[in-house]
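Residue numbers (this note's numbering): 8 to 355. All residues carry an ideal CB built from backbone N, CA and C; glycine is no exception.
What follows is the structure in structure tokens.
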């Protein structure tokens, strides 16, 4: 038996490592994970052979896909029973594993908020699929365009779905399997905030995204945290928050400006402490025990849901969810889930 996992976002590393831990020990089972990131990944998965591919740039991408094809060919030549675990089949490797290999079991693994709202294939996505078909032919594999939900959960191609949280789960397909995570106990006497950034500019217009960032920065400035930790989104290159530049009121104020790019967040006033960027590609859920925050703040990150489930004593705050709901009514179930999980929502 060979289990093939694919990670294309940090949250899948947490899912995959936890899934493997839940599997009964069996020397006849081989676990293989393919990690496709646009940055180096500093993570190993116990009891699993990991192939890491940095796909930043066209040349690196083709090199990664070529090596992936070779590895998969060697696996198929072993003529063993296969099970594949993927977040969705939109990308080349996951599409080939789901639709190109016929004799296998397939399982859907988490991909953030994608599993909680209607994310349909658009005309733009379909055109991109046609390009992927051409790339696949060049690489010597197949790519199968599809319609419906991005995860293809509605195509009845999965034997089951893995999830951290079945409450509000949209992508139900086959048997629902709960991912159990290790919870490390910690105590923190400081008031520490972990800020999980997101690429909201790709979801909203310039004015709305700036207003959302302004509201979040103002909250950071007024909450009088002893320390602020900043984790950039994997899709964003910058290390500190973007404009607008804001200054909070009072002694414990936070100054966020373009001058701070690539360095610790600038701080004005006394008794506040430095805000430091976290240079890690690990998912936020796996950093909690290391940095021990008392509050986690973001926009619409599914990490807020997972952290509330794993660490119920940590406060979680979402900023500007109403703005996203105004432009995409399909995330209404996600809003309701945030409320049920007692995630504080700051409207903009």
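Is the separation between the beta-carbon of residue i and that of residue j shorter than 8 angstroms?
i           : j           : result
residue 336 : residue 315 : no
residue 121 : residue 157 : yes
residue 164 : residue 178 : no
residue 78  : residue 58  : yes
residue 289 : residue 20  : yes
residue 170 : residue 117 : yes
residue 329 : residue 307 : no
residue 338 : residue 331 : yes
residue 283 : residue 210 : no
Following the continuous alpha helix (DSSP H) through residue i, name the residue where it begins and the one where it ends.
i           : result
residue 343 : 339 to 347
residue 145 : 130 to 146
residue 223 : 213 to 229
residue 83  : 65 to 84
residue 313 : 310 to 317
Taking the straight line between their C-alpha atoms, what separation do you get for residue i and residue j?
i           : j           : result
residue 73  : residue 302 : 43 angstroms
residue 89  : residue 225 : 51 angstroms
residue 112 : residue 64  : 32 angstroms
residue 199 : residue 285 : 14 angstroms
residue 62  : residue 347 : 38 angstroms
residue 26  : residue 187 : 8 angstroms
residue 41  : residue 230 : 41 angstroms
residue 110 : residue 29  : 24 angstroms
residue 197 : residue 11  : 42 angstroms
residue 267 : residue 300 : The predicted model places residue 267 with a pLDDT of 33, which falls under 50 and marks its position as unreliable; any figure quoted below should be read in that light. Approximately 22 angstroms, taken between the alpha carbons.
residue 304 : residue 82  : 42 angstroms
residue 312 : residue 334 : 22 angstroms
residue 287 : residue 182 : 33 angstroms
residue 344 : residue 123 : 9 angstroms
residue 263 : residue 76  : Only weak support is given to the placement of residue 263: the predicted model assigns it a pLDDT of 40, under 50, and the value that follows is read from those uncertain coordinates. Cα to Cα, residue 263 sits roughly 45 angstroms from residue 76.
Which residue from the options puts its Cα closest to that of residue i?
i           : options           : result
residue 172 : 178, 29, 164, 185 : 185
residue 125 : 61, 341, 116      : 341
residue 146 : 353, 68, 195      : 68
residue 309 : 174, 228, 131     : 174
residue 238 : 43, 291, 317, 211 : 291
residue 162 : 128, 141, 307     : 128
residue 160 : 322, 102, 44      : 102
residue 37  : 8, 116, 202       : 8
residue 13  : 318, 94, 212      : 94
residue 135 : 104, 99, 108, 166 : 99
residue 107 : 203, 148, 50, 138 : 148
residue 195 : 189, 52, 203, 233 : 233
Residue i and residue j look like a contact to me (Cβ under 8 angstroms); what is the Cβ gap, rounded to whole Å?
i           : j           : result
residue 143 : residue 150 : 4 angstroms
residue 205 : residue 240 : 5 angstroms
residue 327 : residue 219 : 4 angstroms
residue 15  : residue 92  : Not a contact, Cβ separation roughly 12 angstroms.
residue 353 : residue 222 : 6 angstroms
residue 70  : residue 43  : Residue 70 to residue 43, Cβ: 12 angstroms. No contact.
How would you write the range of the beta strand (DSSP E) that residue i sits in, first residue to last?
i           : result
residue 382 : The structure shown does not extend to residue 382, since the chain is modelled only from 8 to 355, so the question has no answer here.
residue 234 : 234 to 238
residue 102 : No beta strand (DSSP E) contains residue 102, which is instead part of the alpha helix (DSSP H) from 99 to 102.
residue 60  : 56 to 61
residue 113 : 112 to 115
residue 24  : From DSSP, residue 24 is part of no beta strand (DSSP E) but of the alpha helix (DSSP H) over 17 to 29.
residue 329 : Note, residue 329: premise wrong, no beta strand (DSSP E); alpha helix (DSSP H) at 328 to 334.
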